[in-house]
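Visitor: Protein chains in written order, with my numbering: chain A, 1 to 371; chain B, 1001 to 1371.
2 protein chains.
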Amino acid sequence: MYSFTLIKKDKASSGRVGSITTPHGEITTPVFMPVGTQATVKTLSPDDLREVGAEIILSNTYHLFLRPGHGLIREFGGLHGFMNWDRPILTDSGGFQVFSLADLRKISDDGVTFQSHLDGGAKHFFTPETAVEIQEALGADIIMAFDACIPYPASRDYAGESLERTLRWAVRCREAKKDTGQALFGIVQGGMYPDLRKISAEALVDIGFDGYALGGLSVGETKPMMYEMIEASVPSLPEDKPRYLMGVGTPEDLIEGVDRGIDMFDCVMPTRNARNGTYFTSFGKVVIKNARYERDQQPIDPECGCSTCRDFSRAYLRHLLNAGEVLALRLGTIHNLFFYLNLMREIRQSLDQGRFREFKREFLAKRENKD
Amino acid sequence: MYSFTLIKKDKASSGRVGSITTPHGEITTPVFMPVGTQATVKTLSPDDLREVGAEIILSNTYHLFLRPGHGLIREFGGLHGFMNWDRPILTDSGGFQVFSLADLRKISDDGVTFQSHLDGGAKHFFTPETAVEIQEALGADIIMAFDACIPYPASRDYAGESLERTLRWAVRCREAKKDTGQALFGIVQGGMYPDLRKISAEALVDIGFDGYALGGLSVGETKPMMYEMIEASVPSLPEDKPRYLMGVGTPEDLIEGVDRGIDMFDCVMPTRNARNGTYFTSFGKVVIKNARYERDQQPIDPECGCSTCRDFSRAYLRHLLNAGEVLALRLGTIHNLFFYLNLMREIRQSLDQGRFREFKREFLAKRENKD
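1) Considering only residues of the same chain and omitting the five flanking positions on each side of A/Asn84, which have a CB-CB separation below 8 Å?
2) Going straight from the alpha carbon of B/Ile1262 to that of B/Phe1099, what length do you get?
3) Would you report the Cα separation of B/Asp1371 and B/Asp1253, rounded to the nearest angstrom?
4) Spatial neighbours of B/Ser1013 within its chain, please: CB distance less than 7 Å, with the 5 preceding and 5 following residues excluded, ordered by chain position.
5) Establish whether the CB of B/Asp1371 and some CB of chain A are separated by less than 9 Å.
6) Check the Cβ-Cβ distances between B/Pro1242 and every residue of chain A, and say whether any is below 9 Å.
7) For B/Ile1089, tell me which candidate among B/Asn1060, B/His1117, B/Lys1106 and B/Asp1179 has the shortest Cα-Cα distance.
8) Check distances from the C-beta atoms of the segment 286-300 of chain A to those of chain B and list, in chain order, the residues that come in under 8 Å.
9) Would you kindly check if the distance between the Cβ of A/Ala145 and the Cβ of A/Ala170 is under 9 Å?
10) Got a sec: which bits of the segment 1313-1332 of chain B sit with their beta carbon under 9 Å from any beta carbon on chain A, in order along the chain?
11) Would you please verify whether the beta carbon of B/Pro1046 is less than 9 Å from any beta carbon of chain A?
12) Under 6 Å Cβ to Cβ from A/Glu129, same chain only, skipping five residues before and after it: list those, please.
13) Quick one: what's A/Gln115 bridged to in DSSP?
14) Using a Cβ-Cβ cut-off of less than 7 Å, give me the residues of the segment 1050-1075 of chain B that come near chain A, in sequence order.
15) For the alpha helix (DSSP H) holding A/Gly257, just list the boundary residues, first then last.
16) For the beta strand (DSSP E) that A/Ser3 lies in, which residues bound it at each end?
17) Along the chain, where does the beta strand (DSSP E) containing A/Arg243 start, and where does it finish?
18) Helix, strand or coil: which one does DSSP assign to A/Gly208?
19) Please state the DSSP three-state secondary structure of B/Leu1214.
20) Residue range of the beta strand (DSSP E) that A/Lys106 falls in?
21) Could you please tell me which residues of the segment 28-41 of chain A, in chain order, have their CB closer than 8 Å to any CB of chain B?
22) So for A/Ser19, helix, strand or coil by DSSP?
23) Taking 8 Å as the threshold, find out whether the segment 1288-1301 of chain B comes into contact with the segment 1314-1323 of chain B through three or more Cβ pairs.
24) Drop a sphere of 10 angstroms on the beta-carbon of B/Ile1134, count the other beta-carbons inside from all chains shown, and report buried for 16 or more, exposed for fewer.
25) List, in chain order, every chain A residue whose beta-carbon is nearer than 9 Å to that of B/Asp1311.
26) Within 10 angstroms of the Cβ of B/Glu1202, are there 16 or more other Cβ atoms? Answer buried if so, exposed if not.
27) In whole angstroms, what is the alpha-carbon distance linking B/Thr1278 and B/Leu1101?
28) Under 9 Å between the Cβ atoms of A/Leu64 and A/Leu118?
29) Sort out for me which residues DSSP pairs A/Gly186 with in a bridge.
30) Report yes or no: do three or more beta-carbon pairs, one from the segment 1325-1337 of chain B and one from the segment 1359-1366 of chain B, lie closer than 8 Å?
This is the structure:
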């Protein structure tokens, strides 16, 4: 059921257009995946997601394992049935979350023991095998190998040891995975060390996965450093598999990622910012609580085609947010996701038409000028 | 632009079917008005409101006066333009809210001085004239006279004095109102004293309004007492004007109100309960946080035709609410409002077909049996 087709390679950049076939339909790449941590992209219904043009969403294994539990979700035919979303879903492995628990987790070569952020007392144990098993119960179209995450900054020794552990765990994930029709992606680690990134990518390709993700980026490093890590990894990855830059990023990051050969992205930025009243536009950010918007009858972005910009003014959104009305959260999320997903459409189109670098130049100039 | 047409009178009850023509379209009565206090029916967009079948919504003058201010809303062509709702709107006068401020307000015959619940320091002064002026700026299709509200319980003397003040204020509202095409409704007061209710109704009819509301009910009195007050007022009101029971109520209250000749209702109950996870159904209440719904794959109400019941299970709604996901608030609100508005459709239909009392009996029996 799963396959990846490379449709077009850009001549001027490493950008490419592709298509991923999954049990729940096709995805055209480069693609941005809205984040639906708790089996819902915050504030949006599945109808809203279709309206903004979402092709695939991401959900978080760690959160769903704790609440409502993957056993319950399995009874509903997996996440698709539970949340009534009939298009593709990707789940992460929970690795990033359990490694983020700091004092609440203990790492061994077998796996990670952690205390839930919900019921502080309860101890749980994640291994590569359980991470795969839980993701099989959740039933996502694409699932992720359980990786050892590296904080930033990290010493070369620590990064190297973590990388080795991630590779051992990657093998165990590969072996544990049943024949469910789900795709399994490996995760390139290696901290901010280009040679470790290369070693990681090559070793993962030797194991063999349906796609390859770059983990541990956008964690505090500079932009040039992030770009360098992408450039250190991508050449070692096969052309005929999708490449996924995890947890990234700003509109600029997406364009720079595509330029370097990335096919998939996810990030909470458009959804989280929307709930704070920070909106993305073709000319830069709009911080709606700013007093200058108090009586502003314009939509967030006069060039935007989303339903929020069609129906509502900046002044109304500002009022809703100031008055604590949750409608503001949904309307803002619709706008920000539409902006991100529309940007990806424009990127794909420009790649198709062989003018990606031109598009990139114009897009960046426009946002710089008016920000 | 404003008119009321009495279409059908029920033979077995005082129920009636009517039609109100307003500058923003027609309303068929009996009608329930969802409450949109701050220029939004909490959690819903105008598209959602159309989907659940709302014909008219209510908004609150007191809240909008304080935030964002009626001057700002006027710049947007009134509430309709500001919130992008193109169907009828009714605004209350702010009387109920300023009288509820207890220690923060001072009443004189001229009006009410009050301190805002938002900016505790700022003092404001509402008079019959300012209440009309603010409502003219808000631009609702139906506006309400500024009334003196009576707490429950209240002595006969207090109720009588308040009633007299309400009548003097009603005259001033009538005189202050400009020729805006907006309908102005008077408000029957009189506490829980049937003879005062009668005096109030008759005096208001002498002044002459486009419709008549019953205020100060559902404030803690018993159901029989509320029904008695309706029965004491309605016979003194003209047949050719709509009758509006303010702030009421439960599904049972709506049916009992219609039975006694009421045409219009508003209440926060369906929207507020939805946000607490309490859902109205044909067989009684569903309190979704109850553990019995944890793995329940059924919709809230298998007999319901709303989009929430079409798309989502009780278990999913319970998960969303437990996880603090605001999508739960909107999905629940859609269901509860659909239930209320569908009930009104069924009531109108039963009146049309001369079988209202039969419908009432069946509806009440069904909810009693399974609650």
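Even glycine gets a Cβ: it sits at the ideal position worked out from N, Cα and C.
Guide: So, from the data block:
1) Pro46
2) 25 Å
3) Low confidence applies to B/Asp1371: its pLDDT is 44, below 50, so where it sits in the model is not reliable enough to give any reading.
4) Asp1259, Phe1356 and Arg1357
5) With a pLDDT of 44 at B/Asp1371, under the threshold of 50, the modelled position of that residue is not reliable, and the figure given next carries that caveat. It does not: the Cβ of B/Asp1371 has no partner Cβ on chain A nearer than 9 Å.
6) no
7) B/Asn1060
8) Glu294, Arg295 and Gln297
9) yes
10) Ser1313, Ala1315, Tyr1316, Arg1318, His1319, Leu1320, Asn1322, Ala1323, Gly1324, Glu1325, Val1326, Leu1327, Ala1328, Leu1329, Arg1330 and Leu1331
11) yes
12) Ala176
13) A/Lys123
14) Arg1067, Pro1068, Leu1072 and Glu1075
15) Pro251 to Asp259
16) Ser3 to Lys9
17) Arg243 to Leu245
18) coil
19) strand
20) Arg105 to Ile107
21) Gln38, Ala39 and Thr40
22) strand
23) yes
24) buried
25) Ser45, Pro46, Asp47 and Asn84
26) exposed
27) 28 Å
28) no
29) A/Tyr212
30) no
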